[in-house]
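*Asks:* Residue numbers (my numbering): 24 to 396.
#1: State the DSSP-derived secondary structure class of residue 364, mapped to helix, strand or coil.
#2: From residue 381 to residue 296, what does the alpha carbon distance come to, in whole angstroms?
#3: Where does residue 249 land, buried or exposed, given buried means 16+ other C-beta within 10 angstroms?
#4: Would DSSP call residue 308 helix, strand or coil?
#5: In this structure, how does DSSP classify residue 21 when only helix, strand and coil are distinguished?
#6: Does DSSP put residue 58 in a helix, in a strand, or in coil?
#7: Do the CB positions of residue 194 and residue 279 come within less than 8 Å of each other?
#8: How would you label residue 46, buried or exposed, when you count the other beta carbons within 10 angstroms and need 16 or more for buried?
#9: Check for me: the alpha helix (DSSP H) holding residue 169 runs from which residue to which?
#10: Which residues mark the beginning and the end of the beta strand (DSSP E) in which residue 203 is found?
#11: Judging by CA-CA distance, which residue of 86, 87 and 107 is the nearest neighbour of residue 94?
#12: Counting along the chain, where does the alpha helix (DSSP H) carrying residue 370 start and finish?
#13: Between the C-alpha atoms of residue 231 and residue 316, what's the straight-line distance to the nearest angstrom?
#14: Run through DSSP, which three-state label would residue 157 get?
#15: Restricting to Cα atoms, I'd like to know which of 81, 305 and 128 is closest to residue 177.
#16: Closer than 7 Å by C-beta to residue 111: which residues in its own chain qualify, once you throw out the five before and the five after it? Chain order, please.
#17: Could you check what DSSP says for residue 323 in three-state terms: helix, strand or coil?
#18: Exposed or buried, what is residue 123 when buried is set at 16 or more other beta-carbons lying within 10 Å of its beta-carbon?
#19: Is the stretch 152-160 touching the stretch 194-204 in the sense that three or more CB pairs, one from each, lie closer than 8 Å?
#20: What separation, rounded to the nearest whole angstrom, lies between the Cα atoms of residue 387 and residue 238?
#21: Roughly how many angstroms lie between the CA atoms of residue 104 and residue 58, to the nearest whole one?
#22: Quick check on residue 110: does DSSP put it in helix, strand or coil?
#23: Cα separation between residue 115 and residue 146?
#24: Quick one: Cα of residue 78 to Cα of residue 167, how far?
#25: For residue 271 and residue 282, what's the separation of their Cα atoms in angstroms?
#26: Excluding the 5 residues preceding and the 5 following residue 255 in the sequence, name in chain order all residues of the same chain whose CB lies nearer than 7 Å to its CB.
The structure is reproduced here in structure tokens:
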């Protein structure tokens, strides 16, 4: 009789360890079910992509990747946060990825694209819709970029560094989500003054059915910044465009401004074109869904090597080795010592700079330095 309580105690300890292990395992897992398809996408391509993507996600995140064997293609390819949360629940994982491989028809013929969203079931948060082209003969760049996006989401900072700088955000309409440097703060009308370390932050305010508002705010110590945001209603979704370096943006062939910017767009597939002198054009087919933000983020490829470019300002004339440069980059520049002359109003500044054999460099119009990009 004296041994029975000990055995009971051992059973309870074992059950407790099992529960703790289950919760720890779920928190360290990401569910990546086989994605759905839109259009005539070969099963062989889906299989190859999923195998490569799961492997890349595991390597990029350090998390255990589950295959979501119980998840139907309809749920896996929904691209809706609510269904993606269900994927995580069914697969007993903290994170889940919903995705779709699609056939894209364009004037250049047909190709493929991949669209995904990532969710965190524990913190009830989701990513924007991420769209990338998919080349069946060379899918590695797309796989790696998507895996990096998943890793960035799973490792995102969830709390701000506390400090004595205050921020109060209100919006019209109310009950909009507020993010500061990607950290969710809550909803307007339910949000008190937020305290953070002094510095420059990206403030984003979102509400379903309205165009997201993104702006930079400067928070100062021992002071409170008051920001009121008036959101613009939209029918459809929106496309958020980021490019490095900044680029001119066209939507379906119509110029709409320069990055970074957010565009309203009707549901469906749209073509975003990024252009900048000295760099290759980027053309991206983007899927837009009702009340969702589709995110386009690109690093432009240089059209020459080496490449020296600058942020064009009409009041500044650039001369290299005595030759005026009509655009925003040094066409045909050769490696070696070069003389850069910057003329602004009645002032002229001359710098001797060494241009390396390879690489991309931004000419700083204030200091005359060549900054490696």
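Using N, Cα and C, we set each Cβ at its ideal position, and we do this for glycine too.
The structure displayed is predicted, hence computed values, not measured ones.
*Replies:* The answer reads as follows:
#1: Under the three-state reduction of DSSP output, residue 364 falls in the strand class.
#2: C-alpha separation (whole angstroms): 26 Å.
#3: Exposed, since its Cβ has fewer than 16 Cβ neighbours within 10 Å.
#4: Looking at residue 308 - three-state DSSP - the assignment turns out to be strand.
#5: Within the shown structure, residues of the chain are numbered from 24 to 396, placing residue 21 beyond reach of any answer.
#6: Coil.
#7: No, the pair does not count as a contact, with Cβ atoms beyond the cut-off.
#8: Annotation note: pLDDT 42 at residue 46 (below 50); position unreliable, no value reported.
#9: Here the alpha helix (DSSP H) through residue 169 covers 163-177.
#10: Run containing residue 203: 200-203, per the beta strand (DSSP E) assignment.
#11: By alpha-carbon distance to residue 94, the top candidate from 86, 87 and 107 is 107.
#12: Per DSSP, residue 370 belongs to no alpha helix (DSSP H); it is in the beta strand (DSSP E), 370-378.
#13: Using only the alpha carbons, I get a separation of about 10 Å.
#14: Residue 157 falls in the strand class under three-state DSSP.
#15: Minimum Cα distance to residue 177 is reached at 81.
#16: Result list for residue 111: 54, 117, 118, 119, 142 and 144, in chain order.
#17: In the three-state reduction of the DSSP assignment, residue 323 falls in the coil class, being assigned neither a helical nor a strand state.
#18: So residue 123 counts as buried.
#19: The stretch 194-204 vs the stretch 152-160: no contact.
#20: Between residue 387 and residue 238, the alpha-carbon positions lie close to 24 Å from each other.
#21: Residue 104 and residue 58 have their C-alpha atoms some 15 Å from each other.
#22: Under the three-state reduction of DSSP, residue 110 is assigned to helix.
#23: Residue 115 and residue 146 have their alpha carbons spaced roughly 15 Å apart.
#24: Here the C-alpha atom of residue 78 lies approximately 10 Å from the C-alpha atom of residue 167.
#25: Cα to Cα, residue 271 sits roughly 6 Å from residue 282.
#26: Excluding positions up to five away in sequence, the list reads 233 and 234.
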